[in-house]
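Position in the sequence shown (from 1) plus 21 gives the number in our numbering.
Note that CB positions come from ideal geometry on N, CA and C, so glycine has one too.
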Amino acid sequence: MLNTRSPVPLYRQLADILREKIRAGEYRPGGRIPSEHRLADTYGIGRPTVRQATDFLVRKRLLVRRRGSGTFVEKPPEEVDLFSLAGTIASFEKRGIAVTPVTRKPIERIMVANDPENPFDGREAYFFSRLSRVGDAPVLIEDIFLDPALFSGIERFNLTGRSLSRIADEHFYLRPTGGKQNFRIGYLAGGKGRDLKVGPRTPILTVNRFLHFSQAPNAVYSALYCRTDRFVFSQILGGMNNE
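Structure (structure tokens):
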């Protein structure tokens, strides 16, 4: 039920409830949700508040209104995961190769310094780092920086084996509007080199990824370090995939 003492507006609480019901399959894609009148009676609120909640989910493309018919769950569009290593992991798994993600550094809010390519240089950002293994062999490190205003509270999530894009979409109602990636050949030393088990003369594919949102450009920045001695990586729409 709704909490009238919560600082979260009632319409947003109802929107979260409806979203969870959609996610759980109680309201299926293409199906109609209860009417505004029924939702108002169920949750003890006025119809204008219900309309605010459904308007919010319509703007987020979770619901769609059909004149004379009601409000329906929008069928999810086919899209590529721009955030996480889901594309890479899926490509490995299609070949029967299991990938295990491991946390290198848990998420925390830090001051970014001496990193001129990083859009957060000179200011604070959420940061975490994870390593992907195939068997006992490390193949990929991903360092991720997040806008602290847009992703406020994300530290309560365990990000090791979860899709960041799903968390951003479902809990923060954020979807990228664009971005870019830079590719280089580089070399690693120190902790990253030890974690990837490469020497300072071993070439590494490095990818710098910038993601933009309507609320802010460069709200997500990540640096990927990929071993290419065991796997060949290629860019597809939205990320890195194993070939």
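(request) Specify, as a first and last residue, the run of the beta strand (DSSP E) that residue 147 falls within. (result) Note, residue 147: beta strand (DSSP E), 145-155.
(message) Less than 7 Å between the beta carbons of residue 159 and residue 217, yes or no?
(response) The criterion of a C-beta distance shorter than 7 Å is satisfied by residue 159 and residue 217.
(request) Count the other C-beta atoms from every protein chain shown that fall within 10 angstroms of the C-beta of residue 41, then say buried if there are 16 or more, exposed otherwise. (result) That one is exposed.
(message) So for residue 210, helix, strand or coil by DSSP?
(response) It is coil, neither helix nor strand.
(request) Assuming residue 168 and residue 146 form a contact by the criterion Cβ under 8 Å, report the distance between their Cβ atoms to the nearest whole angstrom. (result) Residue 168 to residue 146, Cβ: 7 Å. Contact.
(request) Could you tell me the distance, in whole angstroms, from the CA atom of residue 51 to the CA atom of residue 93? (result) When rounded, the distance between both Cα atoms is 6 Å.
(message) Can you give me the C-alpha to C-alpha distance between residue 136 and residue 128, rounded to a whole angstrom?
(response) One C-alpha to the other measures close to 18 Å.
(request) Could you spell out the range, first to last residue, of the beta strand (DSSP E) harbouring residue 175? (result) Per DSSP, residue 175 belongs to no beta strand (DSSP E) and is neither H nor E.
(message) Is the beta carbon of residue 225 closer than 7 Å to that of residue 207?
(response) For the 7 Å CB-CB criterion, residue 207 and residue 225 form a contact.
(request) Evaluate the contact criterion for the stretch 198-206 versus the stretch 51-60: three or more CB pairs, one atom per stretch, below 8 Å. (result) Contact between the stretch 198-206 and the stretch 51-60 is absent: fewer than three C-beta pairs spanning the two stretches fall below 8 Å.
(request) Report yes if the CB atom of residue 236 is closer than 7 Å to the CB atom of residue 185, and no otherwise. (result) Not in contact: residue 236 and residue 185 (Cβ atoms no closer than 7 Å).
(message) With distance defined between alpha-carbon atoms, name the residue in 163, 230 and 24 nearest to residue 64.
(response) Distance from the Cα of residue 64 is smallest, within the candidate group 163, 230 and 24, for 24.
(request) Could you pull out every residue in the same chain whose Cβ sits closer than 6 Å to the Cβ of residue 107, ignoring the five residues on either side in sequence? (result) In this prediction, residue 107 scores a pLDDT of 42, lower than 50, which makes its location untrustworthy; the coordinate-derived value is nonetheless stated afterwards. In chain order, 184 place their CB closer than 6 Å to the CB of residue 107, counting only its own chain and leaving out the 5 sequence neighbours on each side.
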